[in-house]
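Enquirer:
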Amino acid sequence: MNRIGVFICHCGLNIAGTVDVKKVAKLVSDYSEVVYATDYMYMCSDPGQDMIKEMVKEKKLDGVVVAACSPTMHETTFRNTIASVGLNPYRGEIANIREQCSWVHQNTKEIATEKAVKIIEAIIEKLKLDKPLVPLSVPVTKRALVIGGGIAGIQASLDIADSGYEVILVEKNQSIGGHMLQLSETFPTLDCPQCIATPKMVQVGQHPKIKLLAFSEVEEVSGYVGNFKVKIRRKASFVDWDKCTGCGFCMEKCPAKVPSEFNEFLSKRKAIYTLFPQAVPNKPVIDSNNCLYFTKGKCRVCEKNCSLKAINFEQKDSFVEENVGAIIVATGYDLMNKAEVGEYGYGKYKDVIDGLQLERLLAPAGPTEGIPYRPSDGKIPKEVVFIQCVGSRDPEHYYPYCSKICCMYTVKQAMIYKHAVPDGQAYVFYMDIRCNGKGYEEFLQRGIEEDRILYLRGRVSKIFKDGDKIRVWGADTLTGRKIEISADLVVLAMAMVPSKGAKKLAEKLRLTTDDYGFLTEAHPKLRPVESLTAGYFLAGAAQAPKDIPETVAQASGAASKVDSLFSKDELYHEPIIANVDEEVCVGCGICEVLCPYEAIEIDEQDKVAKINPALCEGCGTCCAACPSGALELEGFRRKQILSMIKVFAEV
Amino acid sequence: MFEPKIIGFCCNWCAYAGADLAGINRNQYPPNIRMIRVMCSGTIEPLYVVKAFKEGADGVFIGGCHPGDCHYQSGNYKTQRRIVLLKRAISEIGLDPRRIRLEWVSAAEGQRFARIITEFTEEIRKLGPNPLKLSGVENGI
Ligand SMILES: Cc1cc2nc3c(=O)[nH]c(=O)nc-3n(C[C@H](O)[C@H](O)[C@H](O)COP(=O)(O)OP(=O)(O)OC[C@H]3O[C@@H](n4cnc5c(N)ncnc54)[C@H](O)[C@@H]3O)c2cc1C
Ligand code: SF4
Ligand code: SF4
Ligand code: FES
Numbered sequence: 015m016n017r018i019g020v021f022i023c024h025c026g027l028n029i030a031g032t033v034d035v036k037k038v039a040k041l042v043s044d045y046s047e048v049v050y051a052t053d054y055m056y057m058c059s060d061p062g063q064d065m066i067k068e069m070v071k072e073k074k075l076d077g078v079v080v081a082a083c084s085p086t087m088h089e090t091t092f093r094n095t096i097a098s099v100g101l102n103p104y105r106g107e108i109a110n111i112r113e114q115c116s117w118v119h120q121n122t123k124e125i126a127t128e129k130a131v132k133i134i135e136a137i138i139e140k141l142k143l144d145k146p147l148v149p150l151s152v153p154v155t156k157r158a159l160v161i162g163g164g165i166a167g168i169q170a171s172l173d174i175a176d177s178g179y180e181v182i183l184v185e186k187n188q189s190i191g192g193h194m195l196q197l198s199e200t201f202p203t204l205d206c207p208q209c210i211a212t213p214k215m216v217q218v219g220q221h222p223k224i225k226l227l228a229f230s231e232v233e234e235v236s237g238y239v240g241n242f243k244v245k246i247r248r249k250a251s252f253v254d255w256d257k258c259t260g261c262g263f264c265m266e267k268c269p270a271k272v273p274s275e276f277n278e279f280l281s282k283r284k285a286i287y288t289l290f291p292q293a294v295p296n297k298p299v300i301d302s303n304n305c306l307y308f309t310k311g312k313c314r315v316c317e318k319n320c321s322l323k324a325i326n327f328e329q330k331d332s333f334v335e336e337n338v339g340a341i342i343v344a345t346g347y348d349l350m351n352k353a354e355v356g357e358y359g360y361g362k363y364k365d366v367i368d369g370l371q372l373e374r375l376l377a378p379a380g381p382t383e384g385i386p387y388r389p390s391d392g393k394i395p396k397e398v399v400f401i402q403c404v405g406s407r408d409p410e411h412y413y414p415y416c417s418k419i420c421c422m423y424t425v426k427q428a429m430i431y432k433h434a435v436p437d438g439q440a441y442v443f444y445m446d447i448r449c450n451g452k453g454y455e456e457f458l459q460r461g462i463e464e465d466r467i468l469y470l471r472g473r474v475s476k477i478f479k480d481g482d483k484i485r486v487w488g489a490d491t492l493t494g495r496k497i498e499i500s501a502d503l504v505v506l507a508m509a510m511v512p513s514k515g516a517k518k519l520a521e522k523l524r525l526t527t528d529d530y531g532f533l534t535e536a537h538p539k540l541r542p543v544e545s546l547t548a549g550y551f552l553a554g555a556a557q558a559p560k561d562i563p564e565t566v567a568q569a570s571g572a573a574s575k576v577d578s579l580f581s582k583d584e585l586y587h588e589p590i591i592a593n594v595d596e597e598v599c600v601g602c603g604i605c606e607v608l609c610p611y612e613a614i615e616i617d618e619q620d621k622v623a624k625i626n627p628a629l630c631e632g633c634g635t636c637c638a639a640c641p642s643g644a645l646e647l648e649g650f651r652r653k654q655i656l657s658m659i660k661v662f663a664e665v
Numbered sequence: 105m106f107e108p109k110i111i112g113f114c115c116n117w118c119a120y121a122g123a124d125l126a127g128i129n130r131n132q133y134p135p136n137i138r139m140i141r142v143m144c145s146g147t148i149e150p151l152y153v154v155k156a157f158k159e160g161a162d163g164v165f166i167g168g169c170h171p172g173d174c175h176y177q178s179g180n181y182k183t184q185r186r187i188v189l190l191k192r193a194i195s196e197i198g199l200d201p202r203r204i205r206l207e208w209v210s211a212a213e214g215q216r217f218a219r220i221i222t223e224f225t226e227e228i229r230k231l232g233p234n235p236l237k238l239s240g241v242e243n244g245i
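Just so you know, the sequences run in chain order R and L. Just remember that this note's numbering sits 14 ahead of the position in the first sequence, which is counted from 1. Just remember that this note's numbering sits 104 ahead of the position in the second sequence, which is counted from 1.
Structure representation (structure tokens):
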């Protein structure tokens, strides 16, 4: 027998204006196992809570129902109230008679009163079977894993390491830096990205708390918040990085030349190469797909030129395992696959390029040293056409979203182009101009006024080659005129998409993504740097297109979330989790397959399901699927639900 | 007039929050529905629905998160598959499958929740009382 107390809140007139609370109190006081029922003006107020505490003591209550607002409002409040007088908090339940009764049945007062009684009775039935539950506590490993070494991953790693916690930074390329290092100058200040980013990269490389694993990828993650186990693949670089000092002789002498990814295929690199001169770590890798020794069996020139004997053609991928308590995913973006857009002659005409390619042409340390010689014949282009929103905001063909940064980098590029070619002219075809950051609109105006960038509102209908020119046909929808430009260079602002492989990685980590593969935040407004899965945090363009200031802000946000997680020695896990009745379980394994959190394993010896309580998130999927009825979700056990159904189905 | 009895199950994260929002907005709907909060629509066992009908409910409403929005990633897809089978199963025992209604309701769709419940209540009213109740099956569990 339970000793249940029921406390009915008026919520001023919010409840009492519709529901006859006195009548409800009277009716439920006769219900089985209820020893006390009362009503009060504001249950959540201090006197209201004090009243509950006193009655728990006086009437020796062992369970409490508060009939009031939604459990999302005050379930925690009242659970704490009863815990303060020695009851198990999970012996407190809320009957929602405000949001789901008085407020929605304001015109049918009598029926609302009857319904309130039913709601309370059903909750009493649930409470009768509520077991006292104790939150699980798990220790926290105070080390973080950061995946992706762009500016997002760099910032997050430095912030966490500066707070005194160890960081393991995993980058798939041979150097950190990401796309920021490819840029020419950055809006809205036109400062050089290398100047502001390379010192940070060096800091990462030298920080005693950061373990940088470049040319590596996350292979497997198991565990849960506070206690992840990560397996990392260190890809074979064929160079022993411990011996290598980064002198670069090997690269100088390598005879194999390959288009450079870092320079967006506008120049050549060697088969043994570093990404760029300021790379961190500044160690080369051998691209075995293009190395003459690997492809033809002959060469080994680099080996001969390395006096430190660092070249090792026999090197294999190796694996390291690390234990961490939190994971930040900062895998960044790529530009949309250029082959996808047929209509703008990309791939067909050498002088139709994308935004990152122009960044490389305009970069002082780029393949053309900042003079935008065009790819086809090396001439300096005098008429340059920029086309915005290629692939973005185009739900019919490509992506419906706005890539957010293209408006700004187009202004920037047109400006830098004008600074390099003062007698040149830049035209921009746009749909809308969205320059809505601090100092951004002013930047645009500067481009239009000082650098005479010509903005044309409208779509380009056709691009075709005409001698050594590229003819661009479009329409200016503001004046209604047809526009025809004989351009020397056409630059497409391609849509930003999640980086290659990000979706696969998300699956490995059990993280959700949107339809395009951008990682989903736990709440779009209130939890923008957390993921839905506890212990995972998001930073940078992996979550959505964004510029550097926003990326850095989010990275610092994610880092401080990790810091606050690490400020505790133990984490508490909700005890609303699944339980197996080992007597009933037949070990069929259905639940194991269905659990989205991989919290269930079939014990090979006992042939029964075992639940890892720290991994179980309490969704109850397994409970509904178990053909033997061996699984129950604490707090929502089968008998509880069935008895609630019974109350509700009664007249 | 026939007043149907409807039992609802709503997942904690979206549909239940949507129902709460209907309250906050003061969107009125018929009082026939009585709601049971579950953590995810994926926990709703076929047994619960069958039990509700056997106990005499005239309709069963199930609310979950929109596809892709389930708090636990994919519980709602499992629900969807289960409900298709369940509808078939109840028509075998002589119940109109329209007596089960599955809807995705987000935490922002208070007004829509109220509209769905109003419509569903009307639909069940038209379908009339649960025939199992009249034939006395409910005593047989
Ligand atoms: C043409 C162009 C011009 C731009 N100009 C500006 C500008 O002027 N000002 C401005 O503020 N912003 C500009 N941006 C935007 C800027 O590039 C981004 O905001 C910024 O680079 C985002 O940083 P990130 O770290 O999130 O991503 P990224 O720079 O993409 O870095 C991601 C990193 O993660 C690594 N990675 C990816 N997947 C994995 C994996 N599975 N495992 C391990 N590592 C992985 C990548 O190799 C990379 O190093 C421009 C963008 C473009 C396209
Ligand atoms: S589904 Fe049920 S019976 Fe099958 S293994 Fe899981 S708990 Fe055991
Ligand atoms: S309740 Fe959900 S998370 Fe927990 S074991 Fe079952 S399926 Fe997995
Ligand atoms: S949590 Fe809403 S359907 Fe799973």
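For glycine and all other residues, C-beta sits at the position ideal for the given N, C-alpha and C.
Quick check: is the beta carbon of R:C633 nearer than 8 Å to any beta carbon in chain L?
Expert: With 8 Å as the cut-off, R:C633 counts as an interface residue toward chain L.
Enquirer: Mind checking which residues open and close the alpha helix (DSSP H) that includes R:C421?
Expert: Segment 420-434, the alpha helix (DSSP H) holding R:C421.
Enquirer: Would you report the Cα separation of R:P641 and L:E149, rounded to the nearest angstrom?
Expert: R:P641 and L:E149: Cα-Cα distance of roughly 10 Å.
Enquirer: Go through its chain and collect everything with a Cβ distance to R:G77's Cβ below 8 Å, but skip five positions before and after it.
Expert: So the list reads N16, R17, I18, G19, L101, R105, G106, E107, L141, K142, D144, once near-sequence residues are dropped.
Enquirer: Can you round the beta-carbon distance between R:C637 and R:C609 to whole angstroms, since I take them to be within the 8 Å contact cut?
Expert: Contact flag wrong, Cβ pair sits at about 11 Å.
Enquirer: Using only CA atoms, which one of R:E335, R:E336, R:D348, R:S251 lies nearest to R:I300?
Expert: Closest by alpha carbon: R:S251.
Enquirer: Could you check the C-alpha separation between R:K214 and R:E615 for me, to the nearest Å?
Expert: If you take the alpha carbons of R:K214 and R:E615, they lie about 44 Å apart.
Enquirer: Would you mind working out which of R:G531, R:V665, R:G554 sits nearest R:V160, comparing C-alpha positions?
Expert: It is R:G554.
Enquirer: Is there a Cβ from chain L that is less than 8 Å from the Cβ of R:S84?
Expert: Yes, because at least one Cβ of chain L sits closer than 8 Å to the Cβ of R:S84.
Enquirer: Out of R:R388, R:A353, R:I125, state which residue places its alpha-carbon closest to the alpha-carbon of R:D365.
Expert: Closest option to R:D365, Cα to Cα, is R:R388.
Enquirer: Whose C-beta lies closer than 7 Å to the C-beta of R:C630 among residues of the same chain, with five residues either side of it excluded?
Expert: Closer than 7 Å at the Cβ level, and outside the excluded window around R:C630, lie I591, A592, Y611, A613.
Enquirer: Would you check if there are 3 or more beta carbon pairs closer than 8 Å linking the segment 198-217 of chain R to the segment 307-321 of chain R?
Expert: Contact fails: fewer than three Cβ-Cβ distances are below 8 Å.
Enquirer: Counting only Cβ pairs nearer than 7 Å, list the residues of chain R close to L:A119.
Expert: Those within 7 Å of L:A119 in chain R number zero; the least Cβ separation is about 11 Å.
Enquirer: Regarding R:T122 and ligand 1, is the C-beta to nearest heavy atom distance less than 7 Å?
Expert: No, ligand 1 has no heavy atom inside 7 Å of this Cβ.
Enquirer: Tell me where the beta strand (DSSP E) around R:K114 begins and ends.
Expert: A quick correction: the sequence has Gln, not Lys, at residue 114 of chain R. Note, R:Q114: premise wrong, no beta strand (DSSP E); not H, not E.
Enquirer: May I have the straight-line CA-CA distance separating R:D256 from R:A516, to the nearest angstrom?
Expert: Whole-angstrom Cα-Cα distance: 30 Å.
Enquirer: For R:H587, which of helix, strand or coil comes out of DSSP?
Expert: In this structure, R:H587 counts as strand in the three-state DSSP scheme.
Enquirer: Say yes only if the C-beta of R:S513 is nearer than 7 Å to one or more non-hydrogen atoms of ligand 1, and no if none qualify.
Expert: Under cutoff, so the answer is yes.
Enquirer: Quick check on this structure: which residue in R:N187, R:C416, R:F400 has the alpha carbon closest to the alpha carbon of R:R407?
Expert: Checking every option, the nearest Cα to that of R:R407 belongs to R:C416.
Enquirer: Could you list the residues in the segment 174-188 of chain L with a C-beta less than 9 Å from some C-beta on chain R, going in chain order?
Expert: Listed in sequence order: C174, H175, Y176, Q177, S178, G179, K182, T183, R186.
Enquirer: Report yes or no: is there a C-beta of chain L within less than 8 Å of the C-beta of R:K660?
Expert: Yes, R:K660 lies at the interface with chain L (some Cβ there is under 8 Å from its Cβ).
Enquirer: Does any heavy atom of ligand 1 sit closer than 7 Å to the C-beta of R:K297?
Expert: Answer for R:K297: no, Cβ out of range of ligand 1.
Enquirer: Compare the Cα-Cα distances from R:G260 to each of R:C305, R:K249, R:C320 and report the closest residue.
Expert: Nearest option by C-alpha distance: R:C320.
Enquirer: Please find out if some non-hydrogen atom of ligand 4 comes closer than 7 Å to the beta-carbon of R:N28.
Expert: Incorrect: R:N28 has no Cβ contact closer than 7 Å to ligand 4.
Enquirer: According to the neighbour-count rule (16 or more other Cβ atoms, all chains shown, within 10 Å of its Cβ), is R:E664 buried or exposed?
Expert: Label assigned to R:E664: exposed.
Enquirer: Would you mind working out which of L:C174, L:L151, L:A211, L:E213 sits nearest R:K660, comparing C-alpha positions?
Expert: Of L:C174, L:L151, L:A211, L:E213, the residue nearest in Cα terms is L:L151.
Enquirer: With a CB to CB cut of under 6 Å and the five nearest residues on each side skipped, what residues in its chain are close to R:Y360?
Expert: If we look at R:Y360 and ignore the five residues flanking it on each side, its Cβ neighbours are K352, V366.
Enquirer: Counting only beta-carbon atoms, is L:M105 nearer than 8 Å to chain R?
Expert: It does not; no Cβ of chain R falls within 8 Å.
Enquirer: Let me make sure I understand the geometry here. Which of L:P235, L:K237, L:I228, L:L236 has the alpha-carbon closest to that of L:M105?
Expert: Nearest option by C-alpha distance: L:I228.
Enquirer: Which residues does DSSP pair with R:Q439 in a beta bridge?
Expert: Paired residues: R:E397.
Enquirer: Can you list, in chain order, the stretches of the beta strand (DSSP E) that have 3 or more residues and sit fully within the segment 592-654 of chain R?
Expert: Fully enclosed beta strand (DSSP E) runs of 3 or longer: 592-594, 614-616, 623-625, 645-647.
Enquirer: Only counting runs of 3 or more residues, tell me where the beta strand (DSSP E) segments fall wholly within the segment 298-343 of chain R, in order along the chain.
Expert: Complete beta strand (DSSP E) runs here, min 3: 332-338, 340-343.
Enquirer: Going along the chain, which unbroken runs of the beta strand (DSSP E) with 3 or more residues stay wholly within the segment 451-487 of chain R?
Expert: Here the runs fully enclosed are 468-471, 474-480.
Enquirer: Would you list, in chain order, the members of the segment 214-228 of chain L that have their beta-carbon closer than 8 Å to a beta-carbon of chain R?
Expert: Taking 8 Å as the Cβ-Cβ cut-off against chain R, the residues of the segment 214-228 of chain L that qualify are A218.
Enquirer: Does the segment 111-119 of chain L come within contact of the segment 152-169 of chain L, defined as at least 3 CB pairs closer than 8 Å?
Expert: Output reads yes: the segment 152-169 of chain L touches the segment 111-119 of chain L.
Enquirer: Note down the Cα distance separating L:E242 from L:K158, rounded to an integer number of angstroms.
Expert: With a pLDDT of 46 at L:E242, under the threshold of 50, the predicted position of this residue should be treated as unreliable, and no value is reported.
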